[in-house]
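Below you'll find the structure, written out as structure tokens, and then a few comments.
Numbering (the UniProt record's numbering), first residue to last: 1 to 120.
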């Protein structure tokens, strides 16, 4: 520990020189010669694009008919779906405080109109 306290200035100067050399070396290198932007001629089509176009053309050639619905295998299928039962609708504003009093007075009728629908 005494070594660091005695040679603090020398160590800081040495560290500064090393950092300065590292920064100089990093900025003095030449830029990469390869461009990050690739240009493609309009006449050239990549293999990925050609594969996509071929797949789309094959899908366009597919025709569907309704004969599958008259097939005996389709007729033996069973529907295991469940009927959705309608649930009652909740409060108009679920974040409104729940009032414990059901009676309305002249003072509270103004406040309850903010949270409850108007009655006909």
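Backbone N, C-alpha and C define an ideal beta-carbon position, used for all residues, glycine too.
Just so you know, these numbers come straight off a predicted model, no measurement behind them.
(request) Return helix, strand or coil for residue 63, following the three-state DSSP convention. (result) Of the three classes helix, strand and coil, the one that applies to residue 63 here is coil, per DSSP.
(message) Quick check: what's the CA-CA separation for residue 11 versus residue 21?
(response) About 15 Å.
(request) Indicate the three-state DSSP secondary structure (helix, strand or coil) for residue 85 in the structure shown. (result) Correct three-state label for residue 85: coil.
(message) What does the alpha-carbon distance come out to for the pair residue 72 and residue 66?
(response) In a straight line, the C-alpha of residue 72 is about 13 Å away from that of residue 66.
(message) Whole angstroms are fine: how far does the CA of residue 64 sit from the CA of residue 47?
(response) Those two C-alpha atoms are separated by around 29 Å.
(message) For residue 74 and residue 99, I'd like the C-alpha separation in whole angstroms.
(response) Approximately 56 Å between the Cα atoms of the pair.
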